[in-house]
Amino acid sequence: MKFRTRAIHHGQEKDPQTGAVTPPVYLSSTFVQHEAGKWRQFDYSRSGNPTRTALETTVASLEGCGEGGALAFASGMAAIHCVTGLLKSGDHVLAGSDIYGGAYRLFHKVMNRAGIEITLADATDPAAFAKAFRPNTKLVWVESPGNPRMTICDYAAVAELAHQHGALMGCDNTFATPVLCRPLELGVDIVMHSATKYYGGHGDVLGGLLAVQDKALRDELYFLQNSTGAVLGPMDCFLVSRGIKTMELRVLEQCRTALKLAQWLDGHEQVERVLYPGLPGHPGHEVAKRQMQGGFGAMLSLELKGGYEAAQRMVGATKLFQLAVSLGGVESLIEQPASMSHASYDAADRAKHGITDGLIRLSVGLEDADDLQADLQQAMDAALAG
């Protein structure tokens, strides 16, 4: 079955007892066993819950997990933290330089306490990235498109490098979603999504997902998840499952609007630069064309002429684009990464890796494209008028 059909039906079968088209939500924290020591499929909701299993079944189908599987977490950061549980003191993580601020904080300010080393390097150039590997590199972590500079990483090339060095390859595929890109098919070992974003799609749920093809790796990650307990609750699982049913429709439409806005902003007299992989002038455009199908994502970043002060005025002047962190919902959002989503980056690292104070990030929602364009125009006029 095609992606959209599986999103609606896999893992979401009608209730066999009542015939309910939408499966029930199982809120029970514990489950009665037939005999002591002989466990049924479910025993305690931290270890497993029917509503969570339904969601994980759908995700595994959409991500192409094969013999592996998917796991649902209380947040995207809980999912990444579970991956770091595979590491031990003395190991090294090599990450791309264009990653979510929360991942940067986890790697640099939490995992370092356990003696795990972290290096950021430009993942857009596999040859240069290869030079950053160390003998103790055990995990590679990248994003494509990157957050917030929209850089493009060649997943297949970097996965090959990671495996040559005996490291696991993990990626945050939140921006692309499985609608546009399925990294497991490109050699990536672990795919993470913030389910808060496009998977949920309506700004009303917090969650994270991991997807893997290797069963032994899935079992190890499940052991860590069960041991640490940051699982997604049943009502949140239900909300993500509901969002999945329209994910392809939403993402493809949001991509179309984002491309239209990026083309309009590119070369605009009030705009210094636009970062969007769908533009032919983007340095990762050709890789994105090969790696992504159906669109280039609904996220874009820009810099106004006028720098930091103009950027601050613009993000406060929009009316449809709401000033808020997060992304991927039906509502369009605007933010300033340096002071919001990426404030956890050390200032020197922000400057080193191109996250300028004047950078503005847009999450394009489902509003009419003309209305969004008009909103950006009036906000730019207000920002540059001072």
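In terms of full-length UniProt numbering, the sequence shown has 7 at position 7, counting the first letter as 1, and numbering is strictly consecutive. We put the beta carbon where it would ideally sit given N, CA and C, even for glycine. Please read all numbers here as calculations on a predicted model, not as lab measurements.
1) Okay, do the segment 204 to 218 and the segment 13 to 20 touch, 3+ Cβ pairs below 8 Å being the bar?
2) Measuring alpha carbon to alpha carbon, tell me which residue in 87, 146, 254, 134 is nearest residue 284.
3) Since residue 251 and residue 265 are thought to touch, with beta carbons under 8 Å apart, how far apart are those beta carbons, to the nearest angstrom?
4) What are the start and end residues of the beta strand (DSSP E) that includes residue 73?
5) Taking Cβ positions, are residue 170 and residue 199 nearer each other than 8 Å?
6) Taking contact to mean at least 3 C-beta pairs separated by less than 8 Å, is the segment 280 to 295 in contact with the segment 313 to 320?
7) Report the start-end ranges of each alpha helix (DSSP H) in the segment 83 to 165 that is 4 residues or longer and not cut off at the edges.
8) Between the beta-carbon of residue 240 and the beta-carbon of residue 55, is there less than 8 Å?
9) Across the segment 97 to 114 and the segment 159 to 168, are there enough close Cβ pairs to call them in contact, namely three or more that are closer than 8 Å?
10) Going by the CB atoms, is the gap between residue 35 and residue 98 shorter than 8 Å?
11) What do you get for residue 104, buried or exposed, if any count of 16 or more other CB atoms within 10 angstroms of its CB means buried?
12) Measure the beta-carbon distance from residue 299 to residue 150 and round it to whole angstroms, keeping in mind my assumption that it falls under 8 Å.
13) Please work out which residues of its chain come closer than 7 Å, Cβ to Cβ, to residue 343, disregarding the five sequence neighbours upstream and downstream, and give them in chain order.
14) Using the rule of at least 16 other Cβ atoms within 10 Å of the residue's Cβ for burial, across every protein chain shown, is residue 11 buried or exposed?
15) Quick check: what's the CA-CA separation for residue 368 versus residue 194?
16) Do residue 187 and residue 155 have their CB atoms nearer than 8 Å?
17) Assuming residue 310 contacts residue 374 (C-beta within less than 8 Å), just tell me the rounded distance between them.
18) Given a threshold of 16 other Cβ atoms within 10 Å of its Cβ, counted over all protein chains shown, does residue 307 qualify as buried or as exposed?
19) So residue 431 packs on residue 87, CB below 8 Å; how close in whole Å?
20) May I ask you to report which of helix, strand or coil DSSP gives residue 172?
21) Please state whether the Cβ-Cβ distance between residue 336 and residue 360 is less than 8 Å.
22) Please determine, among 132, 57, 263, 334, the residue with the shortest C-alpha to C-alpha distance to residue 67.
23) Would DSSP call residue 290 helix, strand or coil?
24) Look at residue 330 and residue 247 and say whether their C-beta atoms are less than 8 Å apart.
25) Using the rule of at least 16 other Cβ atoms within 10 Å of the residue's Cβ for burial, across every protein chain shown, is residue 362 buried or exposed?
26) Tell me whether residue 273 sits in a helix, a strand or coil according to DSSP, three-state version.
27) What are the start and end residues of the alpha helix (DSSP H) that includes residue 63?
28) Short of 7 Å in beta carbon distance, which residues of its chain neighbour residue 177, apart from the five on each side in sequence? Order them along the chain.
29) What does the Cβ neighbour count give for residue 13, buried or exposed, with the cut at 16 atoms within 10 Å?
30) Closest to residue 134 by CA distance: which of 231, 123, 167 is it?
31) Tell me whether residue 387 is buried or exposed, calling it buried when 16 or more other Cβ atoms sit within 10 Å of its Cβ.
32) Can the beta-carbon of residue 64 be found less than 8 Å from the beta-carbon of residue 182?
33) When you compare only the Cα positions, how much space is there between residue 235 and residue 249?
34) Give me, in chain order, the residues of the same chain whose beta-carbon lies closer than 7 Å to that of residue 49; leave out the 5 immediate sequence neighbours on both sides.
35) Please look up how many angstroms separate the CB atoms of residue 210 and residue 82, rounded, as I've assumed it's under 8 Å.
In terms of the structure at hand:
1) Touching, no.
2) Considering only alpha carbons, the answer is 146.
3) 21 Å between Cβ atoms; not a contact.
4) Its beta strand (DSSP E) spans residues 69 to 73.
5) Not a contact, by the Cβ cut-off of 8 Å.
6) Segments in contact, no.
7) Every alpha helix (DSSP H) of 4 residues or more that sits fully in the segment 83 to 165 is shown, in chain order, as 101 to 109, 126 to 130, 155 to 164.
8) The Cβ-Cβ distance between residue 240 and residue 55 falls below 8 Å.
9) The segment 97 to 114 vs the segment 159 to 168: no contact.
10) Note that the C-beta distance between residue 98 and residue 35 is not below 8 Å.
11) Residue 104 comes out buried.
12) Contact between residue 299 and residue 150 holds, since their C-beta atoms are separated by about 7 Å, short of 8 Å.
13) Only 101 meet the Cβ criterion.
14) Per the 10 Å Cβ criterion, buried.
15) Roughly 25 Å separates the two Cα atoms.
16) Yes. Within cutoff.
17) About 19 Å; that fails the 8 Å criterion.
18) Around the beta carbon of residue 307, fewer than 16 other beta carbons sit within 10 angstroms, so the residue counts as exposed.
19) Outside the displayed range of the chain (1 to 386) lies residue 431, so it cannot be described from this structure.
20) Strand at residue 172.
21) Between residue 336 and residue 360, the gap from beta carbon to beta carbon is short of 8 Å.
22) Considering only alpha carbons, the answer is 57.
23) Reduced to three states, the DSSP call for residue 290 is helix.
24) Going by C-beta atoms, residue 330 is not nearer than 8 Å to residue 247.
25) With 16 or more Cβ atoms within 10 Å of its Cβ, residue 362 is classed as buried.
26) Three-state DSSP puts residue 273 in a strand.
27) According to the DSSP assignment, residue 63 belongs to the alpha helix (DSSP H) that extends over 50 to 63.
28) Hits under 7 Å: 198, 247, 251.
29) With fewer than 16 other Cβ atoms inside 10 Å of its own Cβ, residue 13 counts as exposed.
30) Checking every option, the nearest Cα to that of residue 134 belongs to 167.
31) An answer regarding residue 387 cannot be provided, because it is not within the stretch 1 to 386 covered by the chain.
32) When the beta-carbon positions are compared, residue 64 and residue 182 come within less than 8 Å of each other.
33) Their backbone Cα atoms lie some 23 Å apart in a straight line.
34) Only residues of its own chain outside the window of five on either side were considered, and among them 26, 42, 234 have a CB closer than 7 Å to the CB of residue 49, listed in chain order.
35) With a beta-carbon spacing of about 7 Å, residue 210 and residue 82 fall inside the 8 Å limit used to define contacts.
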